[in-house]
Amino acid sequence: ESEMYQLSHMLTEQRTLLSTLASSSVAPPAPLESPQLEVNTEDKRINLLAAIAEKVECCASLLDNKGRGLCHEGDLLELDPLENTPLHRVHAYLLTDILLIATWISNRRGPAKYKFQAQYELDSLAVVNVRDLGNVRHAFKLLAFPDSRVFQCTSNSGKKEWLDQFEKAKKAKSNPDHPKREALSSSDQHLLVAADSIDLSSNPFGEPEEGEGVEENEEWLREVSEDLDVYIAQRHFEEAHSLIEKTRECLDRAPNLPTNIEIRRKLDLRVTSLISALKAELTVSSEKSFQGGLRAARRSVRLLNLLGKSTQACDLFLQLCTSILKAQLKRVKREGATVTYVKRLGGIFFTNLADMTREFYGRAFPNSPSSASVFVVWASQELSHFTSHLIKQIFMPQASITSLAECVQTVRNQCEQLCELGMDLCYQLDGQLNPSITRCLVEARDKLVEAVKLRCSEDNWRRCNLHSVSAVQKLNTELSENGVTITKYVTGDFWLELTANTVAFTKLYLSLVNDGLRLANSDMAYTLDRVFYDVLSAQFKHLVASIKSDKLSAQRSVIFINASFLLDCLIPVCEKRFYEHLNMPSQKFPQLCQEYSPLLTESGTKLTSVTGYI
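For the sequence shown, UniProt numbering begins at 1 and goes up steadily by one.
Structure (C-alpha cells):
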C-alpha cells in the first residue's frame with residue numbers, strides 16, 4: 001500500500017512539471033490556418049458546387065470557374081414587373097460572380113429538383129429595393145439590360161438578407177483582395193509596413209504623384225455601370241448623362257491602368273444603351289400616342305445632341321413630325337362645302353408646320369446649318385404631299401372657278417405665315433398648283449365662250465328695262481363694287497341704253513376677271529391675259545356681226561352704245577385691276593382696244609380689217 005502511494009505521488013509531480021513546461025514554452029503559436037485546413041475548405045467548396053449542379057438541370061459548368069463559391073440561396077416568388085401579379089416560384093443561387101435562377105420541376109425524376117432558367121453576371125446586374133405598396137411586399141428588382149425582373153421574399157428579414165448578400169458579393173468581386181487583407185493576423189502587419197517603406201524609397205518626398213490613388217479614392221467609379229443601369233431602367237436619362245460626363249472627366253485625369261480601362265469599356269457600353277433608349281423614345285410606332293407632341297421629344301433630342309448623335313436625332317425628330325402631321329390630317333373629314341374643308345385642312349397643316357419650324361430652329365437644333373438644310377428638304381416634301389392631296393380634292397370637273405379661287409387664295413394666305421419664320425414655300429406651292437390652275441382657266445374660257453355665243457344668238461338689241469328704280473340702284477351698286485359705272489347709260493327712271501345681253505356679259509366677265517386674278521400669279525400672267533382676251537373678243541365678234549347685218553340696221557345706234565360701254569368702261573377697269581394684282585401691264589387689253597375701236601365710228605368701212613378669233 002505504501003508503494004502504491006509513492007507511485008501516485010511521483011505521477012502527480014511529473015504531471016505538474018509537464019504543465020509548467022507547457023505554459024512557459026517560448027515557441028511561436030501554431031498558424032491560424034494549416035495547409036490541411038485549406039485543403040478541407042477547397043474540398044467543401046467543390047462539394048457544395050457539385051451538389052448545386054446535381055440539383056439544377058443543365059448547370060454542369062458551375063465547377064469551371066476556379067474560386068467560385070456560394071454566397072446565399074433561397075426560394076423566391078417572381079412577379080410580373082408591370083402588373084405585379086405572381087408568375088411562378090423560383091430558387092436563386094447567389095455565387096461569388098454570378099446569380100443563378102432556377103425553376104421548380106413539377107414532375108421530376110431523379111435527383112434534380114430545379115431546372116436552369118437564367119444566369120446573370122454580377123458586373124452587369126443592378127439590384128433595386130422595391131417599396132412596399134399594396135399586395136407587393138418584401139420585394140426587390142433585378143435590372144440587367146434589357147431585362148427587368150421582380151422577386152418577392154417571404155419576409156422583410158429575408159429581403160434584407162438578399163440585399164446585404166448582393167452588396168457583399170459585388171464589393172468582393174470588384175475588390176478581390178479585400179477579404180485576404182482582412183484575414184491577415186496582427187502579427188503579420190509588420191510585413192506590410194516593411195513593404196510600404198521600400199515602396200516609399202522611390203519617392204523620397206512622400207508626396208502622391210499626379211493621378212495616383214484614383215482607384216482607391218474614387219470608389220464610386222466601381223459602381224458607375226450599375227448606377228447607369230438603374231438610371232436607364234428608371235428612365236432618368238438626365239442623371240445618366242450627368243454621371244457619364246462626370247465619369248469621363250475623372251477617367252481623363254486618371255492613369256491608364258487596367259482597372260480604369262475596364263471601367264471605360266463598361267462606360268462605353270452604357271453610353272450605347274443610353275443612346276438606344278433615347279432613340280426608342282423618338283421612334284414612331286402604332287402603340288405610341290402623340291398626345292405629348294413635340295414637347296415630349298425635347299429631352300431625348302437634347303441628350304442625343306449632347307452625346308454627339310445629332311444626325312440620328314434629326315432624322316428621328318422629322319419622322320415624328322411626319323407622323324404627327326399625318327395623324328392630324330386624318331382627323332379632318334370631308335364634310336360640308338369644299339371651301340370649308342380646305343380651310344380646316346390647310347389650317348391644320350400649316351399651323352402644325354409652323355409650330356414644328358419654331359420647335360426645330362428654336363429648341364431642338366439651334367445654330368445647326370446642316371440640320372436646317374435637312375429640315376427645309378423635309379418641309380418641301382411634306383408640302384408636296386399636302387398639295388397633291390389638295391389638288392385631288394378641289395380640282396374636279398364640276399367645281400366652279402369661284403370656289404376654286406377661294407380655296408387657292410385661302411391656302412396661299414395660310415402658307416405665307418411660314419415666311420415670318422424665315423421659310424418661304426409659296427413658290428413651291430404655286431409651282432405645283434399652276435398646271436391645275438391653267439387647265440381650270442382654259443376650261444372656264446371654253447365654257448364662257450360657248451355661253452357668249454349662245455346668248456348672242458338670242459340677242460335682239462333692245463334696251464334693257466329694269467322695271468323699278470330699286471333694280472337700277474342695285475345693278476349700279478353691284479357694278480360699282482367692281483369699278484364699273486353705268487350712271488350715264490341710265491335713261492328715265494329704270495331704262496338702260498345697254499341691252500340685257502351686255503349687262504349679263506359684263507357681270508359674267510367681271511366675275512371671270514376677279515376669280516382669274518385670285519387664282520393666277522405673276523408666272524401665269526400670259527395665260528390669264530390670253531383667257532381674258534379670248535372671252536371678250538367673242539363678245540366683240542358678236543358686235544361686229546350685228547353691225548354688218550342688214551336686218552339690224554335700225555338698232556345700229558344701240559349697238560354702237562354697247563360697244564362704247566365695253567371699250568370705254570369695261571376694258572379700262574379690267575386693265576387697271578390686271579396691273580394692280582400682277583404688277584405688270586396687260587398686253588391683250590390694249591390689243592382689243594386697237595382692234596375694235598372702229599366700232600365707235602358711224603361708218604363700218606374699217607371693220608373688214610378686224611382680226612379673227614383664234
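Cβ atoms here follow ideal geometry from the backbone N, Cα and C, with glycine treated the same way. In this text the structure is predicted, and so the values were computed from the model without any measurement.
- In the structure shown, R131 adopts coil according to DSSP, grouped into three states.
- Classified as exposed, R265 has fewer than 16 neighbouring CB atoms from the shown chains inside 10 Å of its CB.
- For the 8 Å CB-CB criterion, F532 and C574 form a contact.
- The beta carbon of V127 sits closer than 7 Å to those of F140, L142, L163 and F166, all from its chain and outside the five residues before and after it, given in chain order.
- Here N521 is buried. Its C-beta has 16 or more other C-beta atoms within 10 Å.
- Counting C-beta pairs with one atom in each stretch, the stretch 109 to 118 and the stretch 231 to 250 have fewer than three that are closer than 8 Å, which means they do not touch.
- Nearest to D459 by alpha-carbon distance, out of L498, C71, S586 and G483, is L498.
- The beta carbon of D43 lies closer than 7 Å to none in the same chain, with the five residues before and after it left out.
- Take C415, set aside five residues on each side of it, and the residues of its chain with a beta-carbon closer than 7 Å to its own are F350, L425, C426 and L429, in chain order.
- Restricted to the stretch 568 to 604, not a single beta strand (DSSP E) segment is unbroken, complete and at least 3 residues in length.
- Two segments are said to touch when three or more pairs of C-beta atoms, one from each, lie closer than 8 Å; by this definition the stretch 145 to 156 touches the stretch 80 to 92.
- Here K141 is bridged, per DSSP, to V128 and V150.
- L383 has its alpha-carbon roughly 48 Å from the corresponding atom of V472.
- Per the Cβ contact rule, the stretch 63 to 71 is in contact with the stretch 95 to 109 (3 or more Cβ pairs under 8 Å).
- Residue pairing by DSSP leaves A563 without any beta bridge partner.
- Taking a cut-off of 8 Å for Cβ pairs, the stretch 441 to 458 and the stretch 538 to 553 touch, as three or more such pairs fall below it.
- In terms of Cβ geometry, L267 and V224 form a close pair [threshold 8 Å].
- Under the criterion of beta carbons closer than 8 Å, F317 and L269 do not qualify as touching, at roughly 26 Å.
- By the CB criterion at 8 Å, I105 and A92 fall outside the cutoff.
- In the three-state scheme derived from DSSP, where H, G and I count as helix and E and B as strand, K309 is classed as coil.
- Counting every other CB atom within 10 Å of its CB across the protein chains shown gives Q555 a total of 16 or more, marking it as buried.
- Judged by DSSP secondary structure, T283 falls outside any beta strand (DSSP E); it is assigned neither H nor E.
- Contact between the stretch 577 to 584 and the stretch 511 to 531 is present: three or more C-beta pairs spanning the two stretches fall below 8 Å.
- Sequence-distant partners of Q432 (beyond 5 residues in either direction) whose C-beta falls short of 6 Å from its own C-beta, in its chain, are T387.
- Taken atom to atom, the span from the alpha-carbon of I561 to that of P435 is near 39 Å.
- Here E239 carries a helix assignment [DSSP, helix/strand/coil].
- When secondary structure is reduced to three states using DSSP, W220 falls in the helix class.
- The count of Cβ pairs closer than 8 Å, one atom from the stretch 333 to 344 and one from the stretch 304 to 321, stays below three, leaving the stretches out of contact.
- Beta bridge pairing from DSSP links Q119 with L100.
- According to the DSSP secondary-structure assignment, C71 is paired through a beta bridge with no residue.
- Straight-line measurement puts the Cα of R137 at about 12 Å from the Cα of P86.
- The continuous stretches of alpha helix (DSSP H) do not include Y361, and DSSP gives it neither H nor E.
- Look at C250 here: in three-state DSSP terms it is helix.
- Judged by their CB atoms, F565 and T502 are nearer to each other than the 8 Å cut-off.
- The three-state secondary structure of V408, taken from DSSP, is helix.
- Going by DSSP, W378 is part of the alpha helix (DSSP H) stretching over P369 to I394.
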